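Each position in the sequence shown, counted from 1, maps to that position plus 21 in UniProt numbering.
Where is the CB? At the ideal position from N, CA and C, for every residue including glycine.
Model, not experiment: these values are computed from the prediction.
As C-alpha cells, the structure follows; a few thoughts come after it.
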Amino acid sequence: EIYKDSGEACRAVAQEIASLIRIKQTKGEIAVLGLATGSTPTRLYGELVRMHKEEGLSFRNVVTFNLDEYYPMNPDALQSYVRFMNEYLFDHIDIDKHNIHIPDGTIDIKDVSRFCFEYERKIAEVGGLDLQILGIGRTGHIGFNEPGSPKDSVTRMITLDHLTRVDAASDFFGEENVPRTAITMGVGTILKSRRIILMAWGEGKAKIIKTTVEGQITDSVPATFLQTHHNATIVLDEAASAEL
Ligand code: GLP
22 EIYKDSGEAC RAVAQEIASL IRIKQTKGEI AVLGLATGST PTRLYGELVR
72 MHKEEGLSFR NVVTFNLDEY YPMNPDALQS YVRFMNEYLF DHIDIDKHNI
122 HIPDGTIDIK DVSRFCFEYE RKIAEVGGLD LQILGIGRTG HIGFNEPGSP
172 KDSVTRMITL DHLTRVDAAS DFFGEENVPR TAITMGVGTI LKSRRIILMA
222 WGEGKAKIIK TTVEGQITDS VPATFLQTHH NATIVLDEAA SAEL
C-alpha cells in the first residue's frame, strides 16, 4: 500500500490497530501486539496516543511484545528501546505495565538463552501475536534479524551488521559506542504473527524495499521471508516505493 506521506500511512495503520483492539474488547478478549522501535513507527504511536486521548481508545486489554533490544543495554540509557517505548507510547496510554514485554538488555550473559526461551513461551502463552508492526533496516533486517537469519529462527542473541551499527552511530554519538549484539525475536517468531505490517518511509529505504518485495526469497535479506506470509502488508510513502 502506497500513501502520499507517512502521516497518512500511519493514520491508516493506527485505524487498523484500533479496530483490532475494539473488536477484541467487545468479545472480552486480549489483543496481542508485536511492536517495533526506530524512527519509522513514531508517528504511528503518536496517532495511537491521540486516539487514546481524544477518542477514548483503551489499551486495558492490550498485551505487547517488542521485537528487540540492544545488548547490553540499561533501560534508562538514552538509546534503550524501553525508554523509547515509554516516551512514544506507554507513558501516554492506559496499558497495564504487566502487559508490556521488551527484551531485557541487562540480564547476565549466561541467562540470555533462558530469557529468550521464556520470551517465546510468553508469546505462545497468550495465544501468539495478533498483529506485528515492523520497520526495516538497510541490511534487510526485521527486528534485528540480520542477513543469515533463518526463516525458522526464534528469539535469540545476534551480532549486529556493520551497516546497522553505522546507521545507529548518531544515536550513540559514534559507531564505537554502538553495542555489537542485540536480543531479537526471530524471523520465525515474526512469521507466526497472524497479521504483519511492515512500514518504510523515505528514499533511503527505496532500494531495500524493492529487494524485499521483488527480490528472491533468501536469508541474505531476511525481510524477503515476508513474501511467504499469508497476511502481510508493506505500507510505504511515495519515496520508499520509488524503485518498485
Ligand atoms: C533498528 C530496529 C529495527 C528497525 C530499524 C530501522 O535496527 N531494531 O526494528 O526497523 O532500526 O530503523 P528506522 O525506523 O529508524 O529506519
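What did DSSP end up calling LEU184 once you bin it into helix, strand or coil? helix
Please confirm if the segment 105–115 is in contact with the segment 219–230, defined as three or more CB-CB distances below 8 Å between the two stretches. no
Is PHE86 helix, strand or coil when you go by DSSP? strand
Give me the residue from ARG177, HIS250, GLY236 with the minimum Cα distance to LYS213. HIS250
Would you say the beta carbon of ALA145 is closer than 6 Å to some non-hydrogen atom of ligand 1? no
Beta-ladder partner(s) of ASP258, from DSSP: TYR24
Under 7 Å, do ALA52 and ILE42 count as touching if we go by C-beta distance? yes
Please report how far the alpha carbon of TYR229 lies from the alpha carbon of GLY148, in whole angstroms. Per the sequence shown, the amino acid found at residue 229 is Ile instead of Tyr. Their Cα atoms are separated by approximately 32 Å.
Host alpha helix (DSSP H) of GLY209 (start-end): 208–212
Residue(s) in a DSSP beta bridge with ILE217: GLN153, ALA253
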